[in-house]
Amino acid sequence: MSSQARSARRHRNDQELRRYVHGTLARDALERLVPDILIDALGTFCPEPVIRTQDRMADAGPGEIAMLLADDVGVEIDIPAWCLSTGNEYLGLLKSESSYKVFVRRASFERP
Amino acid sequence: MREQIRALGLLSGGLDSTLAARVIQAQNVEVLGLHFSTGFCLADRHRILGNRSNPDKPYRNEALRAGADLSIPIEIIDIKDEYLPEVVLNPKFGYGSGMNPCIDCRIFMLQKTREIMEERGYQFVFTGEVLGQRPMSQRRPPLDDVAEESGLGRLLLRPLSARLLPESIPEERGWVNRAELFDISGRSRKKQMELASQFNIIDYPQPAGGCCSLPDENYARKLRDFLAHRGTDVTPDDMMLLKVGRHFRLSGDVKVVVGRDQGENTYLERFIQGRAEIWVDDFPSPLTLVEGQPTAIDLETACRITARYSDGRDEPTVPVRWRLGESEGQLTVVPCQDDAELETLRI
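Chains as they are written, first to last, in my numbering: chain A, 58 to 169; chain B, 1399 to 1745.
What follows is the structure, encoded as structure tokens:
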């Protein structure tokens, strides 16, 4: 594959990435959400926010909602990707000047 | 009806491990990808410092990306606390070009994987290793050593080179079809790229010869210096701090770390607690951290180094601020202009 073709395909894939980076809930719905689980990953770097999320979500019941607090910019991409790979639902994130609130709903099936 | 076969794969998110996972997935095997976080990942460093060419587009975790693309669940296993003492400091099979204990690293990760396999009832383990691709860990003898020492033996499958290797248990028992595995060897990635195209895997990181800080001579030098002066009582934060900045050893227990740009300065801010911080108010300047118990002379030297890397480097004198816990002050210093002096201090 030529580098040009690869670049074009990579661009399409970036578009695909953006698609799944969008959560399933709108901002106002996220602001009203009351999470069942709070995961504090403030001050930690990748992959620690993902590790804390996966560990807490492993014990969560189906449908339970977790809110991850983090200030690592990587959560914008990594949590949606983690949700897509594991089947959990990425609801979206609220971004403030210095931190993120990321919302995830536990899938209704068991992790393999 | 055939029992659902389940396998664990080591998934870095690079091309080889992504392909291996796809090959096994294509044989109707249920796959869980394991990604080990050692604390020495180069990608972590890039991600921490941010994407300098496009700050709005953070670097991603490639294993999670691969899992999302292939719909394979990924589990990140944190081995930072055990990895340094058990693998980096005491490698049975020695180091590569830097402080990289590649063979011991594979063994350690695969031992952990075997434990998970046994605990959760998976049938076998696979990796993206390619025979002859890496000089230290992917020659035939180390591949055999890794299988043996990890306790996996013939339960370890390398799908990309399987047809060049003795038959594994997953092949022997018909869990996977050997005829649909591959005979790739050597350093060229051409066959892998063709295979990626066949599988429509289009988005993977450029093959770059690994993603670990330990083979890097600059990093290895800083780590050796750290171990020589601080011993093996090391925290993951200590290791993280070795990844950034210019490092200067002023005395037995005093070390200076100077940020090289805004990204590194921001990163260093997280490590201020317990260290002296130095900066220049009048010019754009690095953030400098001082470890240990600096004497007045050490503090002055650290201020001169900080002034040297500030935009005031050509000024006759520069006022430099410092803070250590509750104490703080200002020193007006001549920026360090003597490259020879700097080189004697540089780690």
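Glycine is no exception: its CB is placed at the ideal position from the N, C-alpha and C atoms. In this text, all values refer to a predicted model and were calculated from it rather than measured experimentally.
Three-way DSSP call (helix, strand, coil) for residue i in this model
| i | result |
| --- | --- |
| H1433 of chain B | strand |
| P169 of chain A | Because P169 of chain A sits at a pLDDT of 46, beneath the cut-off of 50, its placement in the model cannot be relied upon, and the point is left open. |
| M1507 of chain B | helix |
| T1693 of chain B | coil |
| M124 of chain A | strand |
| I1514 of chain B | helix |
| R69 of chain A | Below a pLDDT of 50, predicted positions are generally treated as unreliable, and R69 of chain A, at 49, falls in that range; no measurement from the model is reported. |
| C103 of chain A | coil |
| K1490 of chain B | coil |
| V1523 of chain B | strand |
| T1633 of chain B | coil |
| Q1536 of chain B | coil |
| C1439 of chain B | strand |
| C1610 of chain B | strand |
| R1759 of chain B | Shown here, chain B extends from 1399 to 1745; a query on residue 1759 of chain B therefore has no answer. |
| E1480 of chain B | helix |
| V1574 of chain B | coil |
| L1529 of chain B | strand |
| E1428 of chain B | strand |
| V1544 of chain B | helix |
| V1642 of chain B | coil |
| V1485 of chain B | helix |
Among the options, nearest to residue i - alpha-carbon criterion
| i | options | result |
| --- | --- | --- |
| I1676 of chain B | B:R1420, B:L1612, B:P1717, B:P1483 | B:P1717 |
| T1511 of chain B | B:Y1665, B:F1646, B:H1433 | B:H1433 |
| R1719 of chain B | B:E1713, B:R1702, B:L1529, B:M1638 | B:R1702 |
| L1558 of chain B | B:P1682, B:T1416, B:G1411 | B:T1416 |
| D1696 of chain B | B:L1685, B:R1658, B:F1646, B:S1683 | B:F1646 |
| I1403 of chain B | B:G1494, B:Y1481, B:G1519 | B:G1519 |
| I1505 of chain B | B:I1582, B:D1467, B:Q1536, B:V1429 | B:Q1536 |
| Y1457 of chain B | A:F102, A:A98, A:V159, A:S153 | A:F102 |
| A1419 of chain B | B:L1621, B:L1555, B:Q1691, B:L1482 | B:L1555 |
| P1682 of chain B | B:R1668, B:E1698, B:G1584, B:G1657 | B:G1657 |
| L1687 of chain B | B:S1708, B:A1694, B:R1706, B:V1652 | B:V1652 |
| L1562 of chain B | B:A1594, B:I1422, B:S1583 | B:S1583 |
| P97 of chain A | A:D128, A:P137, A:S165 | The sequence as given places Asp at residue 97 of chain A; Pro does not occur at that position. Selected option, being the one with the closest Cα: A:D128. |
| P104 of chain A | B:S1435, B:E1615, B:Q1509 | B:S1435 |
| P1533 of chain B | B:F1524, B:I1501, B:F1522, B:Q1509 | B:I1501 |
| E1428 of chain B | B:E1578, B:L1529, B:I1470 | B:I1470 |
| F1522 of chain B | B:K1620, B:L1685, B:G1572 | B:G1572 |
| I1567 of chain B | B:E1739, B:D1414, B:L1550 | B:L1550 |
| Q1531 of chain B | B:V1678, B:K1588, B:E1480 | B:K1588 |
Segment limits, beta strand (DSSP E) that includes residue i
| i | result |
| --- | --- |
| R1458 of chain B | Unbroken run through R1458 of chain B: none, as it is neither H nor E. |
| H79 of chain A | H79 of chain A -> no beta strand (DSSP E), and no H or E assigned at all. |
| R84 of chain A | Unbroken run through R84 of chain A is the alpha helix (DSSP H), 84 to 89; no beta strand (DSSP E). |
| W1720 of chain B | 1716 to 1722 |
| S1559 of chain B | Premise fails: S1559 of chain B is in no beta strand (DSSP E) and is neither H nor E. |
| A1405 of chain B | 1404 to 1408 |
| F1624 of chain B | Unbroken run through F1624 of chain B is the alpha helix (DSSP H), 1615 to 1628; no beta strand (DSSP E). |
| S1595 of chain B | Where S1595 of chain B is concerned, there is no enclosing beta strand (DSSP E), although the alpha helix (DSSP H) it sits in stretches over 1588 to 1596. |
| Y147 of chain A | 146 to 152 |
| Q1728 of chain B | 1725 to 1731 |
| I94 of chain A | 94 to 98 |
| I1474 of chain B | 1472 to 1476 |
Alpha helix (DSSP H) segment containing residue i, residue limits
| i | result |
| --- | --- |
| V159 of chain A | Segment 157 to 162 is the beta strand (DSSP E) holding V159 of chain A; no alpha helix (DSSP H) there. |
| T1742 of chain B | 1737 to 1743 |
| V132 of chain A | 132 to 143 |
| R1420 of chain B | 1413 to 1423 |
| E1713 of chain B | No alpha helix (DSSP H) contains E1713 of chain B, which DSSP labels as neither H nor E. |
| P1568 of chain B | 1567 to 1570 |
Contact set for residue i: own chain, Cβ-Cβ below 6 angstroms, skip 5 residues either direction
| i | result |
| --- | --- |
| P1714 of chain B | none |
| P1634 of chain B | G1437, K1478 |
| P169 of chain A | Residue placement at P169 of chain A cannot be trusted, given a pLDDT of 46 that sits under 50; the coordinates are not used to answer. |
| R1744 of chain B | F1646 |
| R109 of chain A | I96, A98 |
Proximity test, residue i beta-carbon vs the ligand HEM heavy atom, cut-off 6 angstroms
| i | result |
| --- | --- |
| R1673 of chain B | Absence of the ligand HEM is noted for the structure shown, with no ligands found whatsoever. |
Residues of its chain near residue i, where Cβ-Cβ distance is below 7 angstroms and the 5 sequence neighbours each way are ignored
| i | result |
| --- | --- |
| Y1493 of chain B | P1499 |
| P106 of chain A | A98, L125, A127, D129, V132 |
| D1614 of chain B | G1496 |
| M1507 of chain B | L1408, F1434 |
| L1639 of chain B | V1655, F1669 |
| G1690 of chain B | D1651, V1652, K1653 |
8 angstroms Cβ shell around residue i - same chain, five flanking residues per side excluded
| i | result |
| --- | --- |
| R1622 of chain B | M1497 |
| H1444 of chain B | Y1457 |
| L150 of chain A | G80, L87, V132, E133, I136, Y157, K158, V159, F160 |
| N145 of chain A | M114, W139, V161, R162, R163, A164 |
Length at least 4, wholly inside the segment 1656 to 1704 of chain B: the alpha helix (DSSP H) runs in chain order: Unbroken alpha helix (DSSP H) stretches of 4 residues or longer found wholly inside the segment 1656 to 1704 of chain B: 1660 to 1667, given in chain order.
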